[in-house]
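**Q** The opening residue of the sequence shown carries number 557 in this note's numbering; numbering runs sequentially from there.
Cβ atoms here follow ideal geometry from the backbone N, Cα and C, with glycine treated the same way.
Being a predicted model, the structure only gives us computed values, none of them experimental.
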Amino acid sequence: MQFDYEWFKKKIWEYIGINLSYYKEKQMKRRIESLMKKNGFATFADYYTALTKDQKLFNEFINYLTINVSEFYRNPQQWEILEKEIMPYILKRTKRPRIWSAACSTGEEPYSIVMLLTKFFPLSEIKILATDIDDDAIRKAKEGVYMKKSLEGLPQEFVRRFFKENGELYYISDEIKRCVEFRHHDLLKDQYPKDMDLIVCRNVLIYFTEEAKDMVYKNFNKSLVMNGILFVGSTEQIIMPQKYGLKPIKTFFYEKVMNI
Numbered sequence: 557m558q559f560d561y562e563w564f565k566k567k568i569w570e571y572i573g574i575n576l577s578y579y580k581e582k583q584m585k586r587r588i589e590s591l592m593k594k595n596g597f598a599t600f601a602d603y604y605t606a607l608t609k610d611q612k613l614f615n616e617f618i619n620y621l622t623i624n625v626s627e628f629y630r631n632p633q634q635w636e637i638l639e640k641e642i643m644p645y646i647l648k649r650t651k652r653p654r655i656w657s658a659a660c661s662t663g664e665e666p667y668s669i670v671m672l673l674t675k676f677f678p679l680s681e682i683k684i685l686a687t688d689i690d691d692d693a694i695r696k697a698k699e700g701v702y703m704k705k706s707l708e709g710l711p712q713e714f715v716r717r718f719f720k721e722n723g724e725l726y727y728i729s730d731e732i733k734r735c736v737e738f739r740h741h742d743l744l745k746d747q748y749p750k751d752m753d754l755i756v757c758r759n760v761l762i763y764f765t766e767e768a769k770d771m772v773y774k775n776f777n778k779s780l781v782m783n784g785i786l787f788v789g790s791t792e793q794i795i796m797p798q799k800y801g802l803k804p805i806k807t808f809f810y811e812k813v814m815n816i
């Protein structure tokens, strides 16, 4: 079975350019085997063949692979630090911050950033970049329709101002959607955007190997301007951030202090 999985990783790399070796093997293999079992496949070979022929099965695989679990204002206390301390710090240096929500999933994170930015700018002046490897997640993000549960951590002022409620569904306003540019991007192989003042990448790297994390953190350094800020997830504190030209300024917030 192990040989079978090695073959599967190689075929997925050849077929769609996603390198499964960069993901923690035990977790990823278990996730894929669970998906195979759910769909009635006994071997990786049979499952791979089906993925290349069935678009619905393929979309399910990509969505499962990229672990699209998200919510607005996840860990609200960290968003409060972003609003009260980090953004004012950034705005001392630039009045037009360039912001990137990396691995943005179905849009909750970049839309949260836009709503937070309305405390500093009129909506007409807000534009941020949001990227993800999963095109289906990006499509859902552009639609901007969410379940009530995903808004539980969001300040009520934002819910009232920027959403229309229809039963259990909440529709985000077009004025918020217009502030986000969504793009396809693979953190493990694509070129990173430059001159970012703030990069928000949360609850994604926990699934990567140490080798993959090392590569991503180095690329984040190159993507940030000097004194730019990286905001990571609550399980992703960086060990030896100085190795990546970063220093912690608040828990889960790192400032670029040197080029590497």
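On a Cα-Cα basis, can you pick out the residue from TYR763, ARG695, TYR645 and VAL715 that is closest to LEU576?
**A** In the sequence shown, the residue the question calls residue 576 occupies position 20. Among TYR763, ARG695, TYR645 and VAL715, the Cα nearest to that of LEU576 is on TYR763.
**Q** What span of residues does the alpha helix (DSSP H) with ALA658 cover, start to end?
**A** For the purposes of this step, residue 658 is taken as the residue at position 102 of the sequence shown. Neither: ALA658 is in no alpha helix (DSSP H) and is coded neither H nor E.
**Q** Can you give me the C-alpha to C-alpha distance between GLU562 and PHE719, rounded to a whole angstrom?
**A** On the sequence shown, position 6 is the one that residue 562 refers to. On the sequence shown, position 163 is the one that residue 719 refers to. One C-alpha to the other measures close to 46 Å.
**Q** With distance defined between alpha-carbon atoms, name the residue in ILE669, PRO749, PHE617 and LEU761 nearest to ASN777.
**A** Stepping through the sequence shown from its first residue, residue 777 is reached at position 221. That would be PRO749, whose Cα lies nearest to the Cα of ASN777.
**Q** Identify whether PHE617 lies in helix, strand or coil by the three-state DSSP scheme.
**A** Taking the first residue of the sequence shown as position 1, residue 617 is located at position 61. DSSP places PHE617 within a helical segment (H, G or I) once states are collapsed to three.
**Q** Taking just the CA atoms, how far does ILE694 sit from THR605?
**A** Taking the first residue of the sequence shown as 1, we reach residue 605 at position 49. Taking the first residue of the sequence shown as 1, we reach residue 694 at position 138. Answer to the nearest angstrom: the Cα atoms are 26 Å apart.
**Q** Tell me the rounded alpha-carbon separation between ILE568 and LEU685.
**A** Within the sequence shown, numbered from 1, the residue matching residue 568 stands at position 12. Within the sequence shown, numbered from 1, the residue matching residue 685 stands at position 129. In a straight line, the C-alpha of ILE568 is about 28 Å away from that of LEU685.
**Q** Is the Cβ-Cβ distance between ALA659 and LEU743 less than 8 Å?
**A** For the purposes of this step, residue 659 is identified with residue 103 of the sequence shown, where counting begins at 1. For the purposes of this step, residue 743 is identified with residue 187 of the sequence shown, where counting begins at 1. In contact: ALA659 and LEU743 (Cβ atoms closer than 8 Å).
**Q** Is the separation between the beta-carbon of SER823 and that of SER706 shorter than 8 Å?
**A** Given that the chain is displayed from residue 557 to residue 816, the structure contains no residue 823 and the question cannot be resolved.
**Q** Identify whether VAL813 lies in helix, strand or coil by the three-state DSSP scheme.
**A** As a first step, residue 813 is located in the sequence shown; it is residue number 257 there, counting from the start. Looking at VAL813 - three-state DSSP - the assignment turns out to be coil, as it is neither helix nor strand.
**Q** Quick check on ALA693: does DSSP put it in helix, strand or coil?
**A** Taking the sequence shown and counting its residues from 1, the one referred to as residue 693 is at position 137. Three-state result, ALA693: helix.
**Q** The alpha helix (DSSP H) spanning ARG716 covers which residue range?
**A** As a first step, residue 716 must be located in the sequence shown, where it is residue number 160. For ARG716, the uninterrupted alpha helix (DSSP H) run begins and ends at 712-718, by DSSP.
**Q** Skipping 5 residues on each side, what residues in its chain have a beta carbon closer than 6 Å to that of TYR773?
**A** Counting from one through the sequence shown, the residue named residue 773 turns up at place 217. Closer than 6 Å at Cβ, skipping near neighbours: TYR800.
**Q** Just how far apart, CA to CA, sit VAL788 and ALA697?
**A** Residue mapping note: residue 788 aligns to position 232 of the sequence shown, counting from 1. Residue mapping note: residue 697 aligns to position 141 of the sequence shown, counting from 1. VAL788 and ALA697: Cα-Cα distance of roughly 20 Å.
**Q** In angstroms with no decimal places, state the Cα-to-Cα distance between VAL736 and PRO644.
**A** For this step, residue 736 is matched to residue 180 along the sequence shown. For this step, residue 644 is matched to residue 88 along the sequence shown. The straight-line gap separating the alpha-carbon atoms of VAL736 and PRO644 is approximately 21 Å.
**Q** My understanding is that PHE628 touches LEU710, with C-beta atoms under 8 Å, so please give their C-beta distance in whole angstroms.
**A** What you label residue 628 is simply residue 72 of the sequence shown in a count that begins at 1. What you label residue 710 is simply residue 154 of the sequence shown in a count that begins at 1. Confirmed, Cβ separation roughly 4 Å.
**Q** Would you identify the three-state DSSP class for LYS806, choosing helix, strand or coil?
**A** For the purposes of this step, residue 806 is identified with residue 250 of the sequence shown, where counting begins at 1. Reduced to three states, the DSSP call for LYS806 is strand.
**Q** Return the CA-CA distance between ARG654 and ILE795, expressed in angstroms with no decimal places.
**A** One-based indexing of the sequence shown puts residue 654 at position 98. One-based indexing of the sequence shown puts residue 795 at position 239. In a straight line, the C-alpha of ARG654 is about 26 Å away from that of ILE795.
**Q** When you compare the CB positions of ASP753 and THR608, do they come within less than 8 Å of one another, or not?
**A** Translated into the one-based positions of the sequence shown, residue 753 becomes position 197. Translated into the one-based positions of the sequence shown, residue 608 becomes position 52. Taking 8 Å as the Cβ cut-off, ASP753 and THR608 do not qualify as a contacting pair.
**Q** Identify which residue in ILE642, ASN759 and TYR571 has its Cα closest to the Cα of ILE805.
**A** The count along the sequence shown starts at 1 and reaches residue 805 at position 249. Here the closest residue by C-alpha is ILE642.
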